[in-house]
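**Q**
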Amino acid sequence: MSNPQFLLDTNILSEPLRPIPNPRVMELLVMYSGLTATATVVFHEMLYGCYRLPNSRKRQAIEAYLREEVEAKLLLLPYSTDAAKWHAFERARLVGLGKTPSYVDTQIAAIAVVNNLVLVTNNETDYADFQGIQIENWFVNL
Numbered sequence: 477m478s479n480p481q482f483l484l485d486t487n488i489l490s491e492p493l494r495p496i497p498n499p500r501v502m503e504l505l506v507m508y509s510g511l512t513a514t515a516t517v518v519f520h521e522m523l524y525g526c527y528r529l530p531n532s533r534k535r536q537a538i539e540a541y542l543r544e545e546v547e548a549k550l551l552l553l554p555y556s557t558d559a560a561k562w563h564a565f566e567r568a569r570l571v572g573l574g575k576t577p578s579y580v581d582t583q584i585a586a587i588a589v590v591n592n593l594v595l596v597t598n599n600e601t602d603y604a605d606f607q608g609i610q611i612e613n614w615f616v617n618l
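Those letters in the sequence shown? Residues 477 to 618, by our numbering.
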């Protein structure tokens, strides 16, 4: 695994599971394989969603994807001490401005920023107020 350049958000990482995945996202996932990582927080979100499903073929397929494609092939970056420091500072700054960012989104942003990675997401507005974050949306033309 080479050094990652991109941190994949949940909506990007879950795209291959859709009945008709976005072709551009799929193309870029292949093109940048080896240069992508995700956060353990994102992995948690996906596992939690999976475990809430009843036992079914769909759940089995999602579990297999998470085990064989995500956990086995992607670098999973933890919520580190540096991320916690950035998170606390940025959360306090935004609350001081009257904004209440999502706790999990701030964790994901912190992991991206402290690892100097571009956050790839389809939810650009969720991250727009964070300072120092680089964002790409693979659902739109770059």
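We put the CB at the ideal spot given by N, CA and C, even for glycine.
Owing to the predicted nature of the structure, the values given are computational and were not obtained by experimental measurement.
Over the uninterrupted beta strand (DSSP E) stretch that includes Gln610, give me the two end residues.
**A** The residue labelled residue 610 in the question sits at position 134 within the sequence shown. First-last of the beta strand (DSSP E) with Gln610: 610 to 612.
**Q** Please name the residue or residues paired with Leu570 in a DSSP beta bridge.
**A** Numbered from 1 along the sequence shown, position 94 holds the residue referred to as residue 570. None, per the DSSP bridge assignment.
**Q** Is Phe606 helix, strand or coil when you go by DSSP?
**A** Taking the first residue of the sequence shown as 1, we reach residue 606 at position 130. Phe606 falls in the coil class under three-state DSSP.
**Q** Closest to Ala559 by C-alpha separation, out of Val580, Tyr541, Gly572, would be which residue?
**A** Here the question's residue 559 lines up with position 83 in the sequence shown. The alpha carbon of Ala559 has as its nearest neighbour, out of Val580, Tyr541, Gly572, the alpha carbon of Val580.
**Q** Closest by CA to Ile587, which one among Val517, Arg535, Pro497?
**A** As a first step, residue 587 must be located in the sequence shown, where it is residue number 111. Comparing Cα positions, the closest option is Val517.
**Q** Helix, strand or coil: which one does DSSP assign to Val616?
**A** Position 140 of the sequence shown, counted from the start, is the residue given in the question as residue 616. If DSSP states are grouped into helix, strand and coil, Val616 belongs with coil.
**Q** Looking at the secondary structure, which residues open and close the alpha helix (DSSP H) in which Leu505 lies?
**A** Stepping through the sequence shown from its first residue, residue 505 is reached at position 29. First-last of the alpha helix (DSSP H) with Leu505: 499 to 507.
**Q** Apart from the five residues on each side of it in sequence, which residues of its chain come closer than 6 Å, Cβ to Cβ, to Asn479?
**A** Taking the sequence shown and counting its residues from 1, one reaches residue 479 at position 3. Same-chain partners within the cutoff: there are none.
**Q** In this structure, how does DSSP classify Ala515 when only helix, strand and coil are distinguished?
**A** Mapped onto the sequence shown, residue 515 falls at position 39. In the three-state scheme derived from DSSP, where H, G and I count as helix and E and B as strand, Ala515 is classed as strand.
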